[in-house]
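Here is the structure we will look at.
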Amino acid sequence: GSTLLAELPNIDPSGKLLGYTYRIIFAQDRGGAILTTKRMDLYCGIGKQGLQEARKINRYGRLWLMLPKER
5 GSTLLAELPN IDPSGKLLGY TYRIIFAQDR GGAILTTKRM DLYCGIGKQG
55 LQEARKINRY GRLWLMLPKE R
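Heads up: the sequence shown begins at 5 in the working numbering, then just goes up one per residue.
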């Protein structure tokens with residue numbers, strides 16, 4: 005898999021965008037629901053808390069592919 009930097013939206017309970025959080029994530033597969041190059045699934049955890057977090061992140065975001073520095 006690839007190493008990526010993700011810009012994730014911080015959303016309040018009313019749906020207002022508060023800003024962004026940046027996380028390093030790892031691309032592990034391409035799920036069956038991903039049919040274009042402009043979509044991704046993000047695993048947010050198990051149970052109710054994971055589901056609540058995942059539901060907040062249904063917005064546009066940005067990803068950067070992280071590559072090793074050339075020497």
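A virtual CB, placed ideally from N, CA and C, is assigned to each residue, including glycine.
Relative to L21, the option among T41, I50, R63 whose CA is nearest is R63. DSSP, read as helix, strand or coil, puts R75 in coil. Non-local C-beta neighbours of L8 in its own chain, meaning closer than 8 Å and more than five positions away in sequence, comprise I28, I29, F30, A31, L67, W68, L69, M70, ordered along the chain.
In this structure, Y24 lies away from P17, with their beta-carbon atoms at least 8 Å apart.
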